[in-house]
Structures are given as C-alpha cells and as structure tokens.
Amino acid sequence: MTAGSAPMSAPIPELRAALLAWFDAAGRDLPWRLGSEGRRDPYRVWVAEILLQQTQVARGLHYYDRFLEAFPTVEALADAPVEAVLKAWEGCGYYARARNLHRAAQLIAADGFPTDYGGWLALPGVGPYTAAAVASLAHGEARAVNDGNVRRVLSRLYGEARSTDAWVQARADALLSPDRPGAWNEAVMDLGATVCTPRAPRCPECPLAAHCAARASGTPTAFPAPKVRTAARAVQAVALLIGDDRQAVLERREGQLLGGLMGLPMQAVGPDGSVSEALKTVCERLGATPGELLGQVSHSMTHRQITLHVYAATSGLPRQAVATAALSKLDHKALGLLQARQQSLFAAPLTEGSSV
DNA sequence: AAGTCGGGGCA
DNA sequence: TGCCCAGACTT
C-alpha cells in the first residue's frame, strides 16, 4: 500500500469518469479508429494491433497506410503471396508478425472474422493483448488490455514499482469501464503514450494526477522498475555481394532471425574469429570466387551487435532485382556500402554498368 | 520464467 | 548509450 502522505486512490467510478472525460476531449485521432466506438472495423483494428506490437504509434502510422493500400481487405491479404506481405512490412521489424498476419488472413478468409476474445486469441500472432484490443474496439466486449502503456499508468497510479503481469491485468480488469470498454482501453493507452510517458511524464496535464501514488512520491519515473534485459552479443559474419546494389544474388533466409526475408549470402564467423575461413565457406557453398573487401557494416539488433564483413564476389548464379525483394536493414546497409564506395572512387559522374 | 525476435525515437 | 515501444511465441 501507499505511504501515509500518498493519496488514497479514488473510487473506481471516479477514476473512470476522470479519464474518460479527458479522453473525450484529448484522445488521439488515429486512422484505425474509424467507425463508432466499440464498433470499429475488425480488419483495420486487427492489422493496426499487429503492426503496433513493440512499435511506437508515430512509426506505425507510416506502415499502416502503406499496408492497407496494398491489402485493403482481408481477402486481398489472404490471396497475396507472402513475399508481397513481407515487402510491405520491410523495415518494420519482427517479421514473424507479417508471416502470422498472412496465415491468419487465410484462416479468416475461409472461416470469417472471429467475433469474440477467444476466437481472436486462437489466430496465429494474436495473444492476450491483441485479442482484448480487437474484442473491445471492434465488438464492444468487456476485455481489458494489458500493454506497456497500461503497465506504466497503473504501476504509477497505485505506486507499484514491481508490477507483475498478473497484477497489472487484475487492476486493469477492475478498472475497465463496463459501459465503454473500447473507449476505456483507448483512453489508458492514449494517456500512457501522450501524458504518462516513460521518461518525462506531463503530470500537470494528467486527469489522474490527484490520485496518483507515483506523482505523490515525487519520482514518478521510478514506476515501474526497469525490466531486466539480456545483453546483446557481439557477432561477426561475412556477406557476399555478387552483382551490384540493384541486381544481386539473394538468398531467402530461413529460421527465426529475419526469416522469410531475402538477403545477401552470409556466413557467421566461427568462435575462432577467422573471417577468411567464413569467406571460404560461403564461397564454396555458392561456387563463387571471392573478390575484394568492400568494407564493414555494423548493425545492432535486439540481442545482437553484428559486424558484417562485405566482400565482392563473382558467380554464375542468377541475380535478382533488389528493389522488389524484402530486405532487412542489415542488407540495405551492406548494399549501401558499394554505392558509397563507388562515389568515393569516381569523382566524375559515374557511367552506367561500370560495376564489378 | 526466461530467451528470442527489428528497428527507431528519445533523454 | 540505454531504455522503451498498443507483444507473441518457443523452450
């Protein structure tokens, strides 16, 4: 419980009224909020919720418009090749989201949209958060969402620094407005995204400030306590650029890391740290002849700090158009290396077809 | 319960 | 630089 000087939390109906009044006046206008409250378009809400997983709204907006233009309906999404879906997702990260979205679209095209929480939860890529969001926003179901915003807002409101997932869900369930569940969920997330922000919360603008334990403590940013994260490992790899930055030999990546995307042929550098050995391995695998070192690229991902040694190579393998393939940022950096190098080597305007 | 999966924004 | 973001899935 909170200390003696901290405010007792207000009765739940009072908290609901305060936040919903703020939301009605200051809630964000977002493209997936078309349609009436609690009756939003399921397809638009679902796509948005998948896109926004671990992705800030400001960033998701760009991809959302692009994605809906490419796939205006669930049927269009279901009928598209997965390569096209990944191309629309290119640069957005966590590509399993796009693969699952495509699989789920095919299930929906066959069976129709789910109509409740349990139905949504059964779809690939849909977990407790997304199922609660779509059920409340599109179907008016009384399901409380639990995301990073909710966790932060409720941890601060009740002064619980070490809030567990179950604790947050229980508080969210208790607070959820039974009359306006969709609006309530949107309101808590809007508050977390625009007022109760991680680094510099705008407490004077907060409709719950008078009831907030973290505000009373004087150090609202201490709630919740930071999550412990495993450190990124430093890894090295060799990539082959066979061709140029427009036409190159590309491979389809398998597995979890960047799975489904295309990319330059790569080979991880072994624990002995021998780059030349990795270069030899990948060249033998492709039947390619190694050329000169084009340079190094460094790229950080969630659990990896990658140093990529990019070599030119020659091979009879067919090249693909880079522009139409879905590539990771790492591969785009590697391709950019060639362009930067050409510009530095040739001060005069470059003539076409002079690469390799 | 802990690891893994991208990439960018921001203090 | 480190932490965070409208999380889900695997082990």
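The numbering used here numbers the first residue of the first sequence as 20 and each following residue consecutively.
Glycine is no exception: its CB is placed at the ideal position from the N, C-alpha and C atoms.
Item	Value
Could you work out which residue in L354, A152 and S174 is closest to P200 when comparing CA atoms only?	A152
Going by the beta-carbon positions, is the gap between M285 and Q339 smaller than 9 Å?	no
Identify every residue that forms a DSSP beta bridge with R252.	R323
Alpha carbon to alpha carbon, what distance is there between S347 and T370?	A caution first: T370 carries a pLDDT of 37, below 50, which makes its placement in the model too unreliable to give a value.
In its own chain, which residues sit with a C-beta less than 8 Å from the C-beta of G146, not counting the 5 before and 5 after it?	L140
Pick out whichever of A241, G274 and W203 has its Cα sitting closest to the Cα of A43.	In the sequence as presented, Ala is not what sits at residue 43; that position holds Asp. Comparing Cα positions, the closest option is W203.
Since L260 contacts A331 with CB under 8 Å, what's their CB separation in whole angstroms?	6 Å
So, for V214: in the same chain, excluding its five sequence neighbours on each side, which residues have a beta-carbon less than 7 Å away from its beta-carbon?	P220, R221, E224 and C225
CB G274 to CB A235, shorter than 9 Å?	no
Round the Cβ separation of G144 and L120 to the nearest angstrom and send it over; I've been treating them as touching at under 8 Å.	6 Å
From the DSSP output, in three-state form, read off P309 for me.	strand
Which residues in the same chain as A287 place their Cβ atom closer than 7 Å to its Cβ, once the five residues preceding and following it in sequence are excluded?	V254, A256 and A297
Taking the alpha carbon of L71 as the reference point, which residue from D166, T240 and D184 has its own alpha carbon closest?	D166
Are the beta-carbon atoms belonging to A307 and V316 less than 9 Å from one another?	no
In chain order, what residues of the same chain have a beta carbon less than 8 Å from the beta carbon of K106, not counting five sequence neighbours either side?	T343, A344 and A345
Alpha carbon to alpha carbon, how far is V101 from L173? Give it in angstroms, no decimals.	39 Å
In the DSSP output, what is G131 paired with across the bridge?	DSSP, once it has assigned bridges, lists no residue as partnering G131.
Mind checking whether G335 and D264 have CB atoms under 9 Å apart?	no
What first and last residue would you give for the beta strand (DSSP E) that runs through A287?	M285 to A287
R170: which of D84, K246 and D130 sits nearest, CA to CA?	K246
How is the alpha helix (DSSP H) around R171 delimited, first residue to last?	G167 to Y177
Specify, as a first and last residue, the run of the alpha helix (DSSP H) that L194 falls within.	D184 to L194
Would you mind reading off the limits of the alpha helix (DSSP H) that contains F42?	I31 to A45
Please report the straight-line C-alpha distance between A45 and A124, rounded to a whole angstrom.	34 Å
On the DSSP bridge list, what partners appear for Y82?	Y82 is not bridged to any residue.
Where does Q125 sit, in a helix, a strand or coil, going by DSSP?	helix
Within 10 angstroms of the Cβ of L53, are there 16 or more other Cβ atoms? Answer buried if so, exposed if not.	exposed
Report the three-state DSSP secondary structure of Y330 (helix, strand or coil).	strand
Looking at the secondary structure, which residues open and close the alpha helix (DSSP H) in which L105 lies?	V101 to W108
Using DSSP with H/G/I as helix, E/B as strand and the rest coil, what is V316?	strand
Are the Cβ atoms of P133 and R175 separated by less than 9 Å?	no
Drop a sphere of 10 angstroms on the beta-carbon of S155, count the other beta-carbons inside from all chains shown, and report buried for 16 or more, exposed for fewer.	buried
Less than 9 Å between the beta carbons of A353 and A258, yes or no?	yes
Provide the residue span of the alpha helix (DSSP H) that contains S293, from first to last.	It is not in any alpha helix (DSSP H) - S293 carries neither H nor E in the DSSP assignment.
Kindly give me the distance between the Cβ atoms of G37 and L227, rounded to whole angstroms, as I take these residues to be in contact under 8 Å.	Inspection of the sequence shows that residue 37 is occupied by Ala rather than by Gly. The pair is a contact, with the Cβ atoms about 6 Å apart (cut-off 8 Å).
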